[in-house]
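> Once you know that position 195 of the sequence shown is 194 in numbering that gives the first Met the number 0, the rest is easy, because the numbers rise by one and skip nothing.
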Amino acid sequence: MNLAILTLAVALSLLGGYLFLTTIVHRAYRAPRIVETGTPADMALPYRTVYIPTENGKQLFAWYIPPEVGAGAAPGVVALHGWGGNSEFMLPFALWLHRSGFATLLLDARNHGSSDRDTFSSLPRFAEDLEHGFDWLAARSEVNPQRIALLGHSVGAGAALLLASRRHDVTAVVSIAAFAHPEELMRRQMQSHRIPYIPIGWAVMRYIEQTIGSHYEAIAPINTIRNISCPVLLIHGFDDLRIPISDAEAIYAQRPHDRVELLILSGAGHSSMDQMDSLKDNLIRFLQRTPN
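1. Among P66, E182, G100, R225, which one has its Cα closest to the Cα of L162?
2. For the alpha helix (DSSP H) containing F60, name the first residue and the last one.
3. Mind checking whether P220 and A177 have CB atoms under 8 Å apart?
4. By DSSP, does S245 sit in helix, in strand, or in coil?
5. Any contact of the region 56 to 68 with the region 100 to 118, i.e. 3+ C-beta pairs under 8 Å?
6. On the three-state DSSP scale, how would you describe T289?
7. With 16 as the cutoff for other CB atoms within 10 Å, does W201 come out buried or exposed?
8. The beta strand (DSSP E) spanning G164 covers which residue range?
9. Kindly indicate if chain D contains any beta-carbon less than 8 Å away from that of P52.
10. Quick check on Q274: buried or exposed, where buried means 16 or more other Cβ atoms within 10 Å of its Cβ?
11. When the Cα of S86 is compared with those of V68, E54, V49, which residue comes out closest?
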C-alpha cells in the first residue's frame with residue numbers, strides 16, 4: 000500500500016469515527032419532547048398563549064398569567080423548566096405566584112413542549128430563550144420592569160444563574176436542583192453507564208463543548224454564581240438521586256454575598272416539587288422581600 004492510499008484510508012477511518020461520534024452524541028443528548036396536555040385554566044388561572052421570538056428565527060411557546068387587574072405595575076417572574084420538561088411542569092409555581100400578586104411567564108425552551116425545533120439544546124440556549132422571555136415580560140405595561148425575577152429547574156436553573164450573571168436588571172433568582180458543573184454531571188452519567196472517560200468520554204466532552212460554542216467553565220453554575228449581584232435562593236432536594244446535594248452545597252460555597260440562600264428540602268427528589276407545601280412559603284417570602 001503506497002503512502003497516498005494509506006493516508007486516504009486513515010482519513011476515511013477518522014471521518015467515519017467522527018460521524019459515528021456525532022450521531023451517537025446527538026441521539027444520546029436529544030431532549031425528549033413532552034407536549035402540554037393541560038393549561039393554566041385547569042388551576043382556574045387567567046392566561047393567554049403567546050409566541051415569543053428567540054434565536055435562529057425560532058418561536059417560543061409560552062403561557063402568560065397576568066396579575067390581577069388594577070393592581071398597578073406588578074412584579075414579574077419568568078419560569079423555565081428542566082431538560083425534557085415543559086411549561087405545564089411549572090404550573091404549581093404559577094398558582095402560588097398569581098395569588099401573591101406576581102405576573103408570570105411560563106416558557107417552553109426550544110425543542111421542548113410546544114416550542115419550535117432547533118438543531119440542539121444546551122444550557123446556553125436555555126439561557127437565550129430565558130432572556131427573550133425576560134425582555135418580553137419587561138415590556139408589559141402592567142409589569143414593573145425593575146422587579147422581574149427568574150425561576151428555573153435543573154438545566155433551567157443553570158440558565159437562570161447564567162443569565163443573571165450577565166444582566167444586572169434581574170431582581171432575584173430561584174434555582175431549583177441546579178447542577179454545579181456540566182462536565183462533572185456528564186462524567187457522572189457516563190460512569191453510571193460504564194463509559195470510559197479516555198478516550199470516549201473525553202472526545203464526547205470536547206465535541207459537545209465545540210458544538211454549543213461555550214466552555215464548560217464559563218457556563219458552570221459553580222462559576223456563574225460568583226458574578227450575580229441580586230439575591231439568589233438555591234433549592235435542592237435532600238434525596239435527589241440525579242443531581243447530588245453536594246452540587247447545591249458547592250454552588251452555595253462560591254456565593255459572592257450574603258444574599259444567597261440555600262434551602263434543602265427533606266425527602267424531596269430531583270423535581271423538588273414533591274415538597275411543594277414546605278417550598279411555597281419560603282419561595283414567596285424570598286421573592287416578596289426583594290428590593291423595589
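Even glycine gets a Cβ: it sits at the ideal position worked out from N, Cα and C.
This is what the structure gives:
1. R225
2. Premise fails: F60 lies in the beta strand (DSSP E), 58 to 64, not in any alpha helix (DSSP H).
3. yes
4. helix
5. yes
6. coil
7. exposed
8. Correcting the residue type first, residue 164 is Ser in the shown sequence and not Gly. Looking at the DSSP string, S164 is not in any beta strand (DSSP E); the run it does join, the alpha helix (DSSP H), is 154 to 165.
9. Judged by its chain identifiers, the structure shown contains no chain D, having just a single protein chain.
10. buried
11. V49
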